[in-house]
Each structure stands twice: as C-alpha cells, then as structure tokens.
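Here the protein sequences come in this chain order: A and B.
No gaps in the numbering here: position 43 of the first sequence is 43 in my numbering, and each next residue is one more.
No gaps in the numbering here: position 23 of the second sequence is 292 in my numbering, and each next residue is one more.
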Amino acid sequence: MAKIIVVTSGKGGVGKTTSSAAIGTGIALKGFKTVIIDFDVGLRNLDLIMGCERRVVYDFVNVINKEATLTQALIKDKRTKDLFILPASQTRDKDALTIEGVQTVLEDLAKEFDYIICDSPAGIEKGAQMALYFADAAIVVTNPEVSSVRDSDRILGILQSKSKRAEEGREPIEEHLLLTRYHPERVALGEMLSVSDVEDILAVPLIGVIPESEAVLKASNQGSPVILDVESEAGQAYVDAVDRLMGEEKPLRFLDVQKKGFFKRLLGG
Amino acid sequence: MTDSGFRLKGSVVTTVLLEIQAFSLNSIIAQLKNKIEQVPHFFNQAPVIIDITKMTQEVTYEELNGLVIAVGELGLGVIGWRCDAQRVPEWRNQLSIPLLPASKTRPINPPAPIVAQEHNADVVVKTVVEERLVPQTTKVIAKPIRSGQQVYAEGDLIILTQVSAGAEVLADGNIHVYGALRGRALAGVKGDTNARIFCKSMEAELVSIAGNFMLSDGLQNIIWKESAQVLLVEDSLEVQSL
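This is the structure we're talking about:
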C-alpha cells in the first residue's frame, strides 16, 4: 500500500515544488518506487524543476479525463532510478480536477508505487484541497515569517477537518513541518522568526530546516533537484529531512550563524 | 450510559403559551380557532402551555380539563399548565398534564400580527422561550485550534492545547485554554456575566465575556504571555494574573 504524502503550505513561493522534487528524489534514492504528482494545474512548475519539461506529452488532467493512460503520462526521471513524475496540465485550470478522477488515479498509482508525493498548489481552495484530500501524511512547508506561519496554521486546520481521513473519522493525517529559506544571520538580527518561534506557534514536529541557499536557485534553473547537489547545505539539509521522514533521528544542522574565517573575510567570501 | 438503551438529556423547546385572562370555554375556543385559521402551519401540533396565573377568579378542575381537551381537538398539543404559585388548586394532580413551575419566562413579541388590534380579547397567545435548567455539557478538545477554525460549546469549552492566531473559540460558559491563547475567545456568548476565560499564556487577539470585549492592545498593557483569567467585575472586563 502506497503512502500518500502531500507537500503543502497555504502561502505561495515558500518552496513547495522545490521540496516536493527534493524529497521525492530523496525517497527514490532510498530504493522506494516514488511518483511526484503536480497538482498545480494551470501553473505547472514541477517538470521544470525536475528538468523534464520537454518530455511532457500527456498530463494529469489527460489521465483523469481518460484521454491517456497512466503509463503514457508518467515520465521516468533520467537521473534517479525508481522516480516518476506526473506533470500538471498547463492549459487547463483547477476545475479539471475531480475527487473521483483524482481518487482513480491515486488508486492506480498505489498498486505500483511505494510513495506518492502530491505537490500542492498555493492557496486553500479547490486545487490545494484536492491535493491534500487523500493524504496519509503532510509536509507543511513554512518560511520563517509571520504570514507564512499563519497560512501554514490555516492549512493545518484544513488537513484536520477537510481531508478524507478526517471525514471518515480515521486516524488523522500525520503532520510534519519543514522550515525553508532559513537565514541564521537574519534570525540573529531579529528580522526572521527562529526555529523555536515557529515550532511554538505551529506545534507540529519538525522534520527539517533548509537554509536559504543559492544552490536552490541554481538547481531550479538547471532542472535538477537540489538534493542531488550534495555539496550544498540545502542539499544536505534535504537529505536529513528525508531521513527524519523515514523515522531516523538526526540533529538539526545549519542553524547557527557561521563565523567567517580569516581567509574567507580576506577573499570576501 | 448507552448500555441502558437510552440517554436522558435536557432540551429547550419553544412553546406557545395560552394565557387565560377570563375563563369562558366557548369564547376561548372560538377565538383560538380563528387564530389557527390565520396561520395553520404555525399551530399544527404546536406544543402549548395553558397559563392561568393572570386569572383573578378560581378555575375548577372540570373547566380546565375541558379546556385541555378542547385545545387538543384543535390540533395543538397541550404539554402542561401553569398557575399562580400562591394559589395552587387542590385538584392539581388529577389533571393528565403536568403542572409546570411558574419559571422565569421572557415573552417575545410575536412576529405575526396575532394579537394586534384585539383589545378586549380574553385570550392572549404568546410565543415564549421556555427557560429551563439544562445540564451544561462540557466540550473538551485535545487538538490545537488552527487559524480560520471556529469552535463553539453550549456549556464550558476546554482546550488542552493552543488556540492559534486567527482562530475563534466561543462558549456559553467558561473557556479554559491549557496552552497559548493567540486567537479570539468569547465566553458567556448568551449573556452569562459569570463566565470566565482562563489560559496558560495570554496572547489573545480579543477576549470577550457576555459581549464586553478587550483587544490585544489593551491586554498587552495588563498581562501578556503569562497565565491569566478574564472575568467581568461590575460590567467591566478585568484581566488577572493566575
């Protein structure tokens, strides 16, 4: 039975797609057959971040409308074994998604895959609700600033009230908090919320803190998930986050302000 | 409780109060019939309480019993009667319907022009809200109340964790928050001025007791991020440290 994980946030631009790509890749690297679904119909981005935009022929909406089979629409990742992408449609909007259609696709995928990652669109409307409705677990992506935290809180409420699990009175969706774009220097200056501030407000277990890093932008532009950039702090932080998602205990890294060494200062690094 | 096959619960029902001012069976029934014809849906199977509190002369058992039967024949359901507590007739237990205590009732002006332009009426039909002591139910919530969520309890509301900013908790009775209260908390929403709000960390956007409210600006000057209680003292809101 596949585990369905939704990557959601409420607010846009916090790093949902980047995190979906990184975490999906990380899980696949552990040998689990994984598929990442782009639920952001009309604003598809996942294929760009995964570097497979030129290979998109059929999409999620085509499969829902039975215009294509899953096998036709699934794109096999070229870098990572066991990883597949189901891209969103660029020409349609969120109304193309139906509960029954999404359910059928997820049930078919569940027969073949171990993990299904649903990359949610921003907002709390239909698209986001579709992405989280069938989830078993949720990764709530938050930036350390008040509006993002407030929106995450809102989406946590929706996870616990409007999901299938909530409606059926089953065990609630497992919640994980992923703090992204963390800037230790700005936290120290009091310009950003700290990890403990966010944990205190949201009261959800933390699975990772991803430092703000140029590697993320570079990876996006190159169409390669940042988790594959093992040299970068962001890549390593995502590796840690995936390990914690799988139940491993690991200390948090990259939370402290790094003191610049003599040479680094001299060279202006 | 459920293994006994039933549950006893309190309930509040809106009833029609038939207030008799002068007893004349035929005239009462005739007038009542006339009113029922005006709004048949309203009176169909409506629960009725016969009230003889305002009558000056004594009523006999036969008279009242006759009225109960006649009212029942009109399609109304007589569920009880009421009389002046000082002048309870000796035959009270003979009647098939219970004698209700003359509790505090709040007459509400009927929306339909039922009693309009009838000055010499012997019968006044009033819609009243029956107020009875209903055992208060306490709602206990173990999950955080998130932004955008609203929770209401008819009795007391107990939240074991936090109330997030942008969330709203309301109760007819008291509100207890065993975590940070960051959203809005409104206790005594039905007017109970004795209701209170208790929280482990006061960081509320708004607190209100029976309609008297205070915003976070005001709270920050008194108690902030500490355990506190909010209560009403002579119509003004007081925030006290716990």
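Just so it is clear, CB atoms sit at the ideal spot from N, CA and C, and this is done for glycine as well.
Here the structure is a predicted model, which is why all the values come from computation and not from measurement.
For A/Lys-126, same chain residues with a beta-carbon under 8 Å away, outside a window of 5 residues either side, are Lys-94, Asp-95, Leu-97 in chain order. Interface annotation for the segment 423-437 of chain B against chain A: Thr-430, Gln-431, Ser-433, Ala-434, Gly-435, Ala-436, criterion Cβ-Cβ distance under 9 Å.
Annotation: Cβ neighbours of A/Leu-156 in chain B (cutoff 7 Å, chain order): Arg-415. The Cβ of A/Asp-197 sits no closer than 8 Å to any Cβ of chain B.
The C-alpha of A/Ile-64 is placed about 37 Å away from the C-alpha of B/Ser-433.
Exclusion of the five residues before and after A/Ser-213 leaves Ser-232, Glu-233, Ala-234 as the residues of its chain whose Cβ lies within less than 7 Å of its Cβ.
With contacts defined as CB atoms closer than 8 Å, A/Thr-34 and A/Asp-114 qualify as a contacting pair. Per DSSP, B/Met-483 lies in no alpha helix (DSSP H); the unbroken beta strand (DSSP E) holding it starts and ends at 481-484. At least one CB atom of chain A sits nearer than 8 Å to the CB of B/Lys-412.
Chain-order list of chain B residues neighbouring A/Ala-73: empty, with the shortest C-beta distance near 35 Å, by a criterion of under 7 Å. Where A/Ile-207 is concerned, the enclosing beta strand (DSSP E) starts and stops at 206-211.
Excluding residues up to 5 positions away in sequence, Ile-207, Gly-208, Lys-250 lie with their Cβ nearer than 7 Å to the Cβ of A/Arg-244 in the same chain. Spatial neighbours of A/Pro-225 in its own chain (CB-CB distance under 6 Å, excluding positions within 5 residues in sequence) are listed in chain order as Ala-21, Ala-22, Thr-25.
Ranked by Cα distance from B/Glu-332, the options B/Pro-316, B/Glu-437, B/Leu-429, B/Asn-295 are led by B/Asn-295.
With its beta carbon less than 8 Å from one in chain A, B/Gln-418 belongs to the interface.
A direct Cα-to-Cα measurement between B/Asp-504 and B/Thr-322 gives close to 34 Å. With fewer than 16 other CB atoms across the displayed protein chains lying within 10 angstroms of its CB, B/Val-282 is exposed. Assignment of A/Ala-73 by DSSP, reduced to helix, strand and coil, places it in the helix class.
Not flagged as an interface residue toward chain B: A/Arg-244, since no C-beta distance is shorter than 8 Å. At a cut-off of 8 Å between beta-carbon atoms, A/Asp-153 makes contact with chain B. The C-beta of A/Arg-150 comes closer than 8 Å to at least one C-beta of chain B. Burial state of A/Gln-72 is exposed, judged by a 10 Å Cβ sphere holding fewer than 16 other Cβ atoms. The C-beta of A/Ala-219 comes no closer than 8 Å to any C-beta of chain B. Here A/Asp-256 is exposed: its Cβ has fewer than 16 other Cβ atoms, across all protein chains shown, within 10 Å. In this structure, A/Ile-139 is the residue among A/Glu-53, A/Ile-139, A/Gly-101 with its C-alpha nearest to the C-alpha of A/Lys-3.
Interface criterion not met: the Cβ of A/Ala-166 is under 8 Å from no Cβ in chain B. In this chain, the alpha helix (DSSP H) harbouring B/Tyr-330 covers 330-342.
When secondary structure is reduced to three states using DSSP, A/Glu-100 falls in the helix class. A contact between stretches requires three or more CB pairs, one per stretch, nearer than 8 Å, and the segment 152-165 of chain A meets this requirement with the segment 405-420 of chain B. For A/Ala-203, the nearest CB of chain B lies under 8 Å from its own CB, placing it at the interface with that chain.
Residues of chain B with a Cβ closer than 8 Å to the Cβ of A/Gln-160 are, in chain order, Lys-412, Arg-415. Three or more Cβ pairs closer than 8 Å define a contact, and the segment 80-89 of chain A meets that threshold against the segment 36-46 of chain A.
Classified as buried, A/Val-14 has 16 or more neighbouring CB atoms from the shown chains inside 10 Å of its CB. Beta-bridge partners assigned by DSSP to B/Pro-358: none are found.
In the three-state reduction of the DSSP assignment, B/Phe-275 falls in the coil class. Between the alpha carbons of A/Gln-160 and B/His-445 lies a distance of about 22 Å.
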